[in-house]
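The next block holds one structure in the form of structure tokens; read it before the comments.
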Amino acid sequence: AQRVTQPEKLLSVFKGAPVELKCNYSYSGSPELFWYVQYSRQRLQLLLRHISRESIKGFTADLNKGETSFHLKKPFAQEEDSAMYYCALRSTSGSRLTFGEGTQLTVNP
Amino acid sequence: SAVISQKPSRDICQRGTSLTIQCQVDSQVTMMFWYRQQPGQSLTLIATANQGSEATYESGFVIDKFPISRPNLTFSTLTVSNMSPEDSSIYLCSVRVLAGNEQFFGPGTRLTVL
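Chains W and P are the protein sequences, given in the same order.
If you're matching positions, the first sequence starts at 1 in our numbering and goes up one per residue.
If you're matching positions, the second sequence starts at 1001 in our numbering and goes up one per residue.
Spelled out as structure tokens, the structure:
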């Protein structure tokens, strides 16, 4: 069974501080991992995916298969980063996207 | 990418009635999904809408309660039947595109059942 865990429902940091949103998963095969973001009053949108290995809006995430984690990081948080962040998993052979509970990030001025 | 629209954007309904939500995509997509997001909770997959055949439902969801249609590659409907207050939720249409294998989400339909 696929499972995604985001241990922090709420995370608050100050502008310019580093931020890390944690994501752990359980899956027996080879997963695809994603981070989705939902800004206030906007629809859910893809932020990044592990196979792209790119940085979007200063965010990066590395898949650690040993620790079954896919934490989202940004060295210097900005106020506009305040949003709800969801970690999601999909099997490489499947279609089903499983979401974590989400972390509400607030970046204070 | 894919642009997804949903109708209605929100509705308030009486217990025992049914509501049909429409999802329209601006391009042909490989897969269409329906999700539910209950207040304060994450997204839960209801079913995969299959073109020209019965939808594939996830555990805990049944066709009698959530009938789904997908007559073509760009349109799908989800009906919430015989509603109760527990069905109050945001219902999201999602599509998967062939190019890039990405999944996009619609704006959602906020349903309140009194």
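The C-beta atom is built at its ideal place from N, Cα and C for all residues, glycine as well.
**Report entry** Closer than 9 Å at the beta carbon, the chain P residues around Tyr86/W
**Finding:** Taking the first residue of the first sequence as position 1, residue 86/W is located at position 86. Result: Ser1042 and Leu1043.
Going by CA-CA distance only, name the one from Gln104/W, Arg41/W, Arg49/W and Glu54/W that's closest to Gly1108/P. Taking the second sequence and counting its residues from 1, one reaches residue 1108/P at position 108. The shortest CA-to-CA distance from Gly1108/P to any of Gln104/W, Arg41/W, Arg49/W and Glu54/W is the one to Arg41/W.
### Task
On a CA-only basis, which of Lys74/W, Gln6/W and Ile56/W is nearest Tyr86/W? Give me that one, please.
On the first sequence, position 86 is the one that residue 86/W refers to. When only C-alpha atoms are compared, the closest one is Gln6/W.
By the 10 Å Cβ neighbour count, where 16 or more other Cβ atoms means buried, how is Gly102/W classified, buried or exposed?
Mapped onto the first sequence, residue 102/W falls at position 102. Buried, by the Cβ-count rule.
Give the straight-line distance between the Cα atoms of Leu1045/P and Phe14/W, rounded to the nearest whole angstrom. By 1-based counting over the second sequence, the position of residue 1045/P is 45. By 1-based counting over the first sequence, the position of residue 14/W is 14. The straight-line gap from Cα to Cα measures roughly 34 Å.
*For Ala1002/P, count neighbouring Cβ atoms within 10 angstroms of its own Cβ and tell me buried if that reaches 16, exposed if not.*
Position 2 of the second sequence, counted from the first residue, corresponds to residue 1002/P. With a threshold of 16 other beta carbon atoms within 10 Å, Ala1002/P meets it and is buried.
- Query: How would you write the range of the beta strand (DSSP E) that Phe1066/P sits in, first residue to last?
  - Reply: Within the second sequence, the letter at position 66 stands for residue 1066/P. Here Phe1066/P belongs to no beta strand (DSSP E), and DSSP marks it neither H nor E.
Cβ atoms of Ala1099/P and Ile1068/P: under 7 Å apart, would you say? Counted from its first residue, the second sequence places residue 1068/P at position 68. Counted from its first residue, the second sequence places residue 1099/P at position 99. For the 7 Å CB-CB criterion, Ile1068/P and Ala1099/P do not form a contact.
Check your understanding: From Thr60/W to Leu44/W, what distance separates their C-alpha atoms?
Key -> By 1-based counting over the first sequence, the position of residue 60/W is 60. By 1-based counting over the first sequence, the position of residue 44/W is 44. For Thr60/W and Leu44/W, the distance between alpha carbons rounds to 18 Å.
request  = Look at the Cβ atom of Phe1105/P, then the Cβ atom of Leu1092/P, and state whether they are nearer than 7 Å.
outcome  = For the purposes of this step, residue 1105/P is taken as residue 105 along the second sequence, with counting starting at 1. For the purposes of this step, residue 1092/P is taken as residue 92 along the second sequence, with counting starting at 1. Going by C-beta atoms, Phe1105/P is nearer than 7 Å to Leu1092/P.
By DSSP's criteria, Leu97/W is part of a beta bridge. Which residues make up the other side?
Walking along the first sequence from the start, residue 97/W turns up at place 97. BP columns for Leu97/W point to Arg90/W.
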